[in-house]
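Notes follow the structure.
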Amino acid sequence: MSQSALYTSPVTLPLLPLRDVVVFPHMVIPLFVGRPKSIKALEVAMEAGKHILLVAQKSAAKDEPSFDDMYQIGAVASVLQMLKLPDGTVKVLVEGNQRVRISDFADEKTHFTGTAEPLAEGEEGWEDTEIEAMRRALLAQFDNYVKLNKKIPPEIMASLAGIDDGGRLADTIAAHLPLKLEQKQAILEMFDLKSRLDHLMGFMEAEIDILQVEKRIRGRVKRQMEKSQREYYLNEQVKAIQKELGEIEE
Numbered sequence: 219m220s221q222s223a224l225y226t227s228p229v230t231l232p233l234l235p236l237r238d239v240v241v242f243p244h245m246v247i248p249l250f251v252g253r254p255k256s257i258k259a260l261e262v263a264m265e266a267g268k269h270i271l272l273v274a275q276k277s278a279a280k281d282e283p284s285f286d287d288m289y290q291i292g293a294v295a296s297v298l299q300m301l302k303l304p305d306g307t308v309k310v311l312v313e314g315n316q317r318v319r320i321s322d323f324a325d326e327k328t329h330f331t332g333t334a335e336p337l338a339e340g341e342e343g344w345e346d347t348e349i350e351a352m353r354r355a356l357l358a359q360f361d362n363y364v365k366l367n368k369k370i371p372p373e374i375m376a377s378l379a380g381i382d383d384g385g386r387l388a389d390t391i392a393a394h395l396p397l398k399l400e401q402k403q404a405i406l407e408m409f410d411l412k413s414r415l416d417h418l419m420g421f422m423e424a425e426i427d428i429l430q431v432e433k434r435i436r437g438r439v440k441r442q443m444e445k446s447q448r449e450y451y452l453n454e455q456v457k458a459i460q461k462e463l464g465e466i467e468e
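Here my numbering is used: the first residue of the sequence shown is 219, the next is one more, and so on.
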């Protein structure tokens with residue numbers, strides 16, 4: 219199977235528990251891995267198809283997570299690059315391929331494995347025009363969000379414009395939003411495309427409202443500071459003139 223090919227039936231893969239990160243399909247991200255079982259899982263993946271199961275931990279504090287310590291929805295990912303660092307840790311570049319449900323979990327002593335069950339995205343009953351309308355609405359809303367949020371590079375819009383698939387667009391946008399782990403995990407667990415698109419548009423609408431208020435506050439504070447600076451400058455000028463006049467009279 220090629221690295222980007224999708225599974226259509228359950229498959230058992232080496233499993234890598236993630237701390238404080240959720241990987242979405244089509245998302246390319248570098249990970250720094252230090253736990254021995256996680257490094258071994260990557261090594262096993264590199265030897266057999268370069269596919270690995272990525273699952274977020276519910277608590278980053280757990281060093282030896284059990285099945286109950288991990289979320290049940292994760293992503294099958296491809297290992298694109300793997301580099302062993304001098305301190306014994308590993309830097310790995312992965313790309314998410316597809317959402318899966320973890321139906322089984324095993325501790326192989328050297329590493330974890332999990333059985334991944336592929337689940338199709340719910341698009342049944344949707345008209346193509348409906349999907350396209352929501353895709354365009356989501357893209358336009360994210361464009362407004364990026365213009366207000368300076369933390370997201372505007373160049374991202376160029377890459378998003380070429381994404382025709384609604385599900386892929388939603389996942390790519392979700393990966394760039396400043397969401398908490400639980401919020402990103404909730405989006406990952408939304409197999410129904412309409413629910414995912416609606417959720418993202420609702421989040422961005424609320425965030426845009428907040429960012430617009432912040433912008434107005436910054437503008438008001440800036441004007442007040444400029445006014446105070448002008449008044450201070452004028453007062454200093456008056457003092458200097460009064461001082462000079464006083465010296466002349468003497």
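The beta-carbon is built from N, C-alpha and C at its ideal position, and this holds for glycine as well.
Q: Rounded to whole angstroms, what's the CA-CA distance from Gly343 to Ser413? Just pull it up for me.
A: To locate residue 343, count along the sequence shown from 1; it is residue 125. To locate residue 413, count along the sequence shown from 1; it is residue 195. Because Gly343 carries a pLDDT of 49, less than 50, the predicted location of this residue cannot be relied on, and the following value inherits that uncertainty. Distance between the alpha carbons of Gly343 and Ser413 is about 14 Å.
**Q.** Ser227 (DSSP reduced to helix, strand or coil)
**A.** In the sequence shown, residue 227 corresponds to position 9, counting from 1. Taken through DSSP and simplified to helix, strand or coil, Ser227 comes out as coil.
Q | With 16 other Cβ atoms within 10 Å as the buried cut-off, status of Pro228 | A | Counted from its first residue, the sequence shown places residue 228 at position 10. Classification for Pro228: exposed.
Q: Leaving aside the five residues before and after Ile291 along the sequence, list all residues of the same chain whose C-beta is less than 7 Å from its C-beta, in chain order.
A: As a first step, residue 291 must be located in the sequence shown, where it is residue number 73. The residues are Arg317, Arg319, Leu406, Glu407.
Q. Opposite Phe250 in the DSSP bridges: which residues?
A. For the purposes of this step, residue 250 is identified with residue 32 of the sequence shown, where counting begins at 1. DSSP, once it has assigned bridges, lists Lys309 as partnering Phe250.
Q | Straight-line Cα distance separating Leu337 from Leu298 | A | For the purposes of this step, residue 298 is identified with residue 80 of the sequence shown, where counting begins at 1. For the purposes of this step, residue 337 is identified with residue 119 of the sequence shown, where counting begins at 1. Looking at the two C-alpha atoms, the distance is approximately 24 Å.
Q.
Extract the residue ranges of the alpha helix (DSSP H) inside the stretch 378-428, only unbroken runs of 4 or more that lie entirely within it.
A. Counting only runs of 4 or more, we get 384-394, 399-406.
Q. Using CA coordinates, which residue listed in Ala388, Arg434, Leu236, Asp287 is at the minimum distance from Met422?
A. Translated into positions along the sequence shown, residue 422 becomes position 204. Cα-wise, what sits closest to Met422 is Ala388.
Q) Taking DSSP as the reference, what is the three-state secondary structure of Phe242? A) Along the sequence shown, one-based indexing puts residue 242 at 24. Three-state result, Phe242: coil.
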